[in-house]
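The next block holds one structure in the form of structure tokens; read it before the comments.
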Amino acid sequence: MLFILNLLELSLSSSSSSGTSNELLQQAITNETQHNVQAYNHTFVAAAADENCTCNKVPKEPPSDLVIGLQYGGIVVLIFLSALFSGLVLGLLSLDVTELEILRKCGTEKERQYANTIIPMRRNSNLLLCSLVIGNVVVNSGLQWLLDSVFNGLIGFLISTICITIFGEIVPQAVCARYGLAIGAKTVWITWIVIVLTFPVAYPLSVVLDVVLGEEIAFIYDRERLQEYMKITRNYNNFDAQEVNIITGALKIKKVAVSHVMTKLKDVFMLPIETIINYQTITTIIKRGFSRVPVYERSRRNLIGVLMVKDLALVNPHVDVTLKSLIQFYKHPLILVDETHTLDIVFNHFREGKSHMAFVREHRRKDIIGIVTLEDIIEEVLQVEINDETDIVTDNRELRLRPDAQIPPDLDQLHVHLADAIARRRAKERQATIQQVVARTANKAPQGLPNPQGTRSSSRTKKSNRQAHDQHTIS
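With mature numbering (1 follows the signal peptide of the UniProt record, and there is no 0) applied, the sequence shown corresponds to residues -19 to -1, 1 to 456, in that order.
Next up, the structure:
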């Protein structure tokens, strides 16, 4: 560069002194050559000095056994802490506060102890999450640094990746997913130490999460989820099928409408109000096997009362008593429910003791479309059909016949036998009554009626009395 500048300077001054141009050009070339030689000498000397320094460098001493032991011990401790923090993030945060409260009240003795230990720490979930995550990140960073210091290059990278993935993530999360309650309770003191150490950073982050995400909402089972939960976990909870059916049936009582369990009006056994309560009517009622019989007037949809079979206990079948007189005498209350009402509403009516039978009305026109009884609701809760000894069908809605139904006796033949027995008994009673009347008449005749036998006995008595008086006078 200096050579070029000299040439420019010489070219500019060539106009004034052309005679001396050759001398000046030669002098410039000489100066540039000397400058380049000096620069080369300096570079060569520096390179030689560096080479001499490298050759004379003292080799690095290998680490002592104590340092190596500390490094490997630190690696083991950091792997353990990484596994612990990773497992606790999954194990503790998967435990809902509601679930812990349930375990504290109705769990086993160990579960109650574990729940009491974890609940105070688990209530502030965001602070716990931030503390464990920060601790896990710090531990993994330290583990990476130690592994790089022990193993160089690609080997250190592979070893650190394998250790963190297998021992720091997969294994602890798989274990804590099943035994998170026990592990979290036994290592709670480590968790509290981490919370205290990371508090300056974790607490502000937890506050931000609380503001952004809001309060933690506990996982709560609704009716449908609880029903499915009971069905799925039946084999694990040692529940038999009947217990599961009862629980699920009780949970559905507020969801099932009356129209789902009622007996349709066309299938209901009813009696008209003009019915005469004689032996044939009582026989028909007994054959049907119902304890309550609806009573209608003119139309089957116009129900006006209920006849209870026990009301017939004091009725003489040989005296024509009208059904209307019984209805007016007992006056059993009628319960009317809408077809859209759920079973819990109807059950509350039955629980009050007014009646165990309700009439179901159509939602719009309010016409009677069926009946529902307490037995229908109990069957829906128990999820089984309840049959007594008089039931012929096992389902009032589908009218399925019972395969083991008892055939009712021939009550007409029973009526014949009873009639003969009653006739014989009445004949005996009539004969005994006549004999009693005759005996009483023989002992004491009614006043105003002559009695020959009584007159003779009276005259004989008077004659004997007179003879005795005469004998007493003579003596």
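Glycine included, C-beta positions come from ideal geometry on N, C-alpha and C.
From residue i to residue j, what does the alpha carbon distance come to, in whole angstroms?
{"i": "Lys312", "j": "Tyr277", "result": "14 angstroms"}
{"i": "Arg273", "j": "Met338", "result": "8 angstroms"}
{"i": "residue 458", "j": "Leu284", "result": "Not covered by the structure: residue 458. The range shown for the chain is -19 to 456."}
{"i": "Leu246", "j": "Val365", "result": "22 angstroms"}
{"i": "Glu196", "j": "Pro185", "result": "16 angstroms"}
{"i": "Leu59", "j": "Asn216", "result": "41 angstroms"}
{"i": "His344", "j": "Val239", "result": "11 angstroms"}
{"i": "Ile151", "j": "Val192", "result": "32 angstroms"}
{"i": "Thr264", "j": "Arg204", "result": "47 angstroms"}
{"i": "Tyr95", "j": "Thr79", "result": "14 angstroms"}
{"i": "Pro314", "j": "Asn226", "result": "33 angstroms"}
{"i": "Val318", "j": "Lys91", "result": "51 angstroms"}
{"i": "Asp221", "j": "Phe331", "result": "29 angstroms"}
{"i": "Arg282", "j": "His241", "result": "19 angstroms"}
{"i": "Ser75", "j": "Gly149", "result": "18 angstroms"}
{"i": "Gly50", "j": "Ala155", "result": "30 angstroms"}
{"i": "Val131", "j": "Thr146", "result": "19 angstroms"}
{"i": "Ile257", "j": "Ser306", "result": "10 angstroms"}
{"i": "Ile100", "j": "Ala183", "result": "19 angstroms"}
{"i": "Trp170", "j": "Thr98", "result": "10 angstroms"}
{"i": "Glu320", "j": "Leu355", "result": "16 angstroms"}
{"i": "Val119", "j": "Leu62", "result": "10 angstroms"}
{"i": "Ala166", "j": "Asn218", "result": "24 angstroms"}
{"i": "Gln416", "j": "Asn424", "result": "13 angstroms"}
{"i": "Arg103", "j": "Leu84", "result": "14 angstroms"}
{"i": "Asp248", "j": "Pro275", "result": "12 angstroms"}
{"i": "His299", "j": "Gln223", "result": "48 angstroms"}
{"i": "residue 465", "j": "Val418", "result": "With the chain covering only -19 through 456, there is no way to say anything about residue 465."}
{"i": "Ile198", "j": "Glu82", "result": "14 angstroms"}
{"i": "Arg159", "j": "Pro153", "result": "10 angstroms"}
{"i": "Gln125", "j": "Leu190", "result": "29 angstroms"}
{"i": "Thr89", "j": "Met211", "result": "20 angstroms"}
{"i": "Asn121", "j": "Leu162", "result": "24 angstroms"}
{"i": "Ala413", "j": "Ala420", "result": "11 angstroms"}
{"i": "Ile143", "j": "Asp129", "result": "13 angstroms"}
{"i": "Val237", "j": "Ile349", "result": "19 angstroms"}
{"i": "Leu295", "j": "Thr262", "result": "15 angstroms"}
I believe residue i touches residue j by the beta-carbon criterion, under 8 angstroms. Please report the beta-carbon distance rounded to the nearest angstrom.
{"i": "Gln208", "j": "Leu232", "result": "5 angstroms"}
{"i": "Ser112", "j": "Val175", "result": "5 angstroms"}
{"i": "Ile234", "j": "Asp325", "result": "5 angstroms"}
{"i": "Leu69", "j": "Thr172", "result": "6 angstroms"}
{"i": "Ile213", "j": "Gly72", "result": "Going by Cβ atoms, the distance from Ile213 to Gly72 rounds to 23 angstroms, so no, they are not a contact pair."}
{"i": "Asp107", "j": "Phe66", "result": "Inspection of the sequence shows that residue 107 is occupied by Asn rather than by Asp. The pair is not a contact, with the Cβ atoms about 16 angstroms apart (cut-off 8 angstroms)."}
{"i": "Gly351", "j": "Val341", "result": "5 angstroms"}
{"i": "Asp46", "j": "Phe200", "result": "Not really, about 53 angstroms apart at Cβ, beyond 8 angstroms."}
With DSSP collapsed to three states, give me the class of residue i.
{"i": "Arg273", "result": "strand"}
{"i": "Ala238", "result": "strand"}
{"i": "His330", "result": "helix"}
{"i": "Ser75", "result": "coil"}
{"i": "Ile100", "result": "helix"}
{"i": "Ser45", "result": "coil"}
{"i": "Gln364", "result": "coil"}
{"i": "Ala423", "result": "helix"}
{"i": "Glu82", "result": "helix"}
{"i": "Arg407", "result": "helix"}
{"i": "Asn107", "result": "helix"}
{"i": "Phe61", "result": "helix"}
{"i": "Tyr95", "result": "helix"}
{"i": "Asn226", "result": "helix"}
{"i": "Val39", "result": "Confidence is the limiting factor: at Val39 the pLDDT is only 47, short of 50, which leaves the residue's position unreliable and the question unanswerable from this model."}
{"i": "Phe132", "result": "coil"}
{"i": "Ile215", "result": "Correcting the residue type first, residue 215 is Arg in the shown sequence and not Ile. If DSSP states are grouped into helix, strand and coil, Arg215 belongs with coil."}
{"i": "Leu6", "result": "Residue placement at Leu6 is flagged as unreliable, the pLDDT there being 45, under the threshold of 50; the coordinate-derived value follows with that caveat. In the structure shown, Leu6 sits in a helix (DSSP, three-state: H, G or I)."}
{"i": "Phe220", "result": "coil"}
{"i": "Arg204", "result": "helix"}
{"i": "Asp191", "result": "helix"}
{"i": "Ala199", "result": "coil"}
{"i": "Gly88", "result": "coil"}
{"i": "Lys233", "result": "coil"}
{"i": "Arg159", "result": "helix"}
{"i": "Lys167", "result": "helix"}
{"i": "Thr179", "result": "coil"}
Tell me the DSSP bridge mates of residue i?
{"i": "Val353", "result": "Ala339"}
Sorry if obvious, but does the Cβ on residue i come closer than 7 angstroms to a heavy atom of the ligand FMN?
{"i": "Asp319", "result": "This structure lacks the ligand FMN; in fact it carries no ligand of any kind."}
Complete runs of the alpha helix (DSSP H) confined to the stretch 240 to 324 [at least 4 residues]: Entirely contained in the stretch 240 to 324, the alpha helix (DSSP H) runs reaching 4 residues are, in chain order, 260 to 269, 304 to 311.
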